[in-house]
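*Asks:*
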Amino acid sequence: MPEAIAIVTGTSRGIGEALALSLLEKGFRVFGIARSNSLVEKLISHERFISISYDLSQTDGIARIMEELFNEINYSNTTEILLINNAAMLEPLKSIDQCDEAEMALHLHINLLAPMVLISSFIRHTQKWEIRKRIVNVTSGLAEYSAPSMSLYASSKAALNILSRCVADEQRQLSHPVEVVSVDPGMADTAMQTTARSQAADVFPMLTFFKSSYEDGKLWSAEEVAIKLLNRIEPIHLDGKLLRLYED
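So this is what it looks like as structure tokens:
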């Protein structure tokens, strides 16, 4: 039976979980990659959801995971395929001189190197497929604005944006290109926001901003973000664009 396939990272909570549920509602078969096994019952019990428990900071094993995943996909029955790089970490939230090498490496492995490896593997496995192929990289407004004590997060998201553009350039002239887009979801009420609001004011100057945004009701729910994101990427040809969900 023909089916659409989605691969989503970070499906154990927040936007990733909401994306997986929304995609299932749209009829996709969803492969969810997450470090944690603490999935909601709606995902665990769904016949079209396949849970892959893997720590994306261990980037040397991602190619193997993707090989196993693609062995489960029958190209002849696949109508379209979508990769959403959603998994990310926010910390450390402190000035760069207070970050040690291990913290930097962990952050960049999850936020940048893992998406790079996933994208590379996705393209290799699908390059001859004559169907719609899309990659969505979930980014942040902080990719475009500097903020104290957020240098690692902002830098990794800025790099993810330019990665989307470069991959789009590489794909543009191919016979069956992969469409690539970065999506800035805006501010959502997720665990990342909770983490930001739990920091000490003396080491995290942005604390007041995050607290006031929450208290003033400026955060979208993860479910709202998922619906907006999937609607925005559906009708257009994606070509290295940066889509901001809070803009029309």
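In short: position in the sequence shown from 1, add 247, done, that's this note's numbering. All C-beta atoms in this analysis are idealised placements derived from N, C-alpha and C, irrespective of residue type, glycine included. None of these values were measured; they are calculated from a predicted model.
1) Would residue 324 and residue 383 be called neighbours here (beta carbons separated by less than 8 angstroms)?
2) Are the CB atoms of residue 290 and residue 264 nearer to each other than 8 angstroms?
3) Measuring straight from C-alpha to C-alpha, what distance separates residue 297 and residue 276?
4) Roughly how many angstroms separate the alpha carbons of residue 431 and residue 254, rounded to a whole number?
5) Tell me which residue opens and which closes the beta strand (DSSP E) that residue 380 is part of.
6) Give a yes or no on contact between the stretch 301–318 and the stretch 346–358, applying the rule of three or more CB pairs nearer than 8 angstroms.
7) Going straight from the alpha carbon of residue 366 to that of residue 486, what length do you get?
8) Using 8 angstroms as the threshold, is the C-beta distance between residue 428 and residue 466 below it?
9) Do you know whose CA, among 439, 409 and 250, lies nearest residue 363's CA?
10) What's the C-alpha gap between residue 396 and residue 459?
*Replies:* In short, the structure shows the following:
1) Here residue 324 corresponds to residue number 77 of the sequence shown, with the count starting at 1. Here residue 383 corresponds to residue number 136 of the sequence shown, with the count starting at 1. It is not a contact, given that the beta carbons lie outside the stated cut-off.
2) The residue you call residue 290 lines up with position 43 of the sequence shown. The residue you call residue 264 lines up with position 17 of the sequence shown. Against a cut-off of 8 angstroms, the Cβ pair of residue 264 and residue 290 comes out as a contact.
3) Your numbering for residue 297 matches position 50 in the sequence shown. Your numbering for residue 276 matches position 29 in the sequence shown. Going by the C-alpha atoms only, they are around 8 angstroms apart.
4) The residue you call residue 431 lines up with position 184 of the sequence shown. The residue you call residue 254 lines up with position 7 of the sequence shown. Using only the alpha carbons, I get a separation of about 19 angstroms.
5) As a first step, residue 380 is located in the sequence shown; it is residue number 133 there, counting from the start. Looking at the DSSP string, the run of the beta strand (DSSP E) that includes residue 380 is 379–385.
6) yes
7) Here residue 366 refers to the residue found at position 119 of the sequence shown. Here residue 486 refers to the residue found at position 239 of the sequence shown. Approximately 15 angstroms, taken between the alpha carbons.
8) By 1-based counting over the sequence shown, the position of residue 428 is 181. By 1-based counting over the sequence shown, the position of residue 466 is 219. Against a cut-off of 8 angstroms, the Cβ pair of residue 466 and residue 428 comes out as no contact.
9) As a first step, residue 363 is located in the sequence shown; it is residue number 116 there, counting from the start. Residue 363 has its Cα closest to that of 409, out of 439, 409 and 250.
10) Reading the sequence shown from its first residue, position 149 is the one you call residue 396. Reading the sequence shown from its first residue, position 212 is the one you call residue 459. Their Cα atoms are separated by approximately 18 angstroms.
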